[in-house]
Every structure is written in C-alpha cells, then in structure tokens.
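To convert, note that position 67 of the sequence shown is 442 in the working numbering; the numbers rise steadily by one, no gaps.
Input: a single structure, listed below in structure tokens.
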Amino acid sequence: MNVKMKSYFNPEQVMILSPAFMNYVHLNWLGRKGQYPSTGFLTLIFSIYMCDEVSVFGFGADSKGMWNHYFGEVHLSLRKKTGNHPGPVEAEKINELFKRKKINLYRGW
C-alpha cells in the first residue's frame, strides 16, 4: 500500500545533523562533559565548519550562569543551571572562540 506523506516544511530548507557529528562535538569539543551538547552549541560548531564568518547574538550564560532561551523563561534551579548540557564547558569554549577571533560574539546581557 502506498501512503502519501504530507510535508509541513520545505525539504530544501531542512538539514538534519548526523548522530556521528553530535558525538564528535560531545567528544572533541566538550570532552564528554554533560550528557550531550545543547542544540545551540551544536549549531555554533556546525556553523564554524560551514561558514567563512560566524556572528552570534544574545547567546550564552548570563552573569548568574543561567542560560535563558529566547522563547521564554526556563525555570531551572541555580544549582543545575543548564540541565543535561555542560553549560560551563560550552561557555568556556565559546569565550575561547571569541578571544581567538573565530566568532563574533554579541552578548544579550
């Protein structure tokens, strides 16, 4: 039986990351810290590999170490801060990329 699937997106505008790439980022960029990288960090690393220049706006932890999302408040305890993601390690790598002039970083706070 042929089942016709309806697409709710333009396939030319969708890209799926390979689990192998996600594992590569977790191992080589984050030293296997945390359970897995955040989607923001995965996107940043992917962008570095794909683009000549990367500018990041409003990304990263605030002065209290909290990683807020553009779509609303996330209520995590101050102890946990980033859930299953290695937030402090990601922040350190992002700052290192900025200091080495590999990315342009415009913080939101």
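By construction, the Cβ of each residue, glycine as well, lies at the ideal position given by its N, Cα and C atoms.
The structure displayed is predicted, hence computed values, not measured ones.
Secondary structure of Tyr411 (DSSP, three-state): coil.
Within its own chain, the residues whose Cβ lies closer than 8 Å to the Cβ of Ile469, once the five positions on either side in sequence are excluded, are Phe416, Leu419, Val431, Phe434, Gly435, Ile478, Leu480, listed in chain order. DSSP, reduced to helix, strand and coil, places Tyr424 within a helical segment of the structure shown. Shown here, Tyr399 sits in a helix according to DSSP, grouped into three states. Residue pairing for Asn479: DSSP places it in a beta bridge opposite Ser430. In the displayed model, Asn470 falls within a helix according to three-state DSSP.
Between Pro394 and Leu405, the C-beta spacing is not below 9 Å. Distances from the alpha-carbon of His401 to those of Phe421, Phe384, Gln388 put Phe421 closest. In the three-state reduction of the DSSP assignment, Val464 falls in the helix class. For the set Cys426, Met390, Arg407, the Cα lying nearest the Cα of Pro461 is the one of Arg407.
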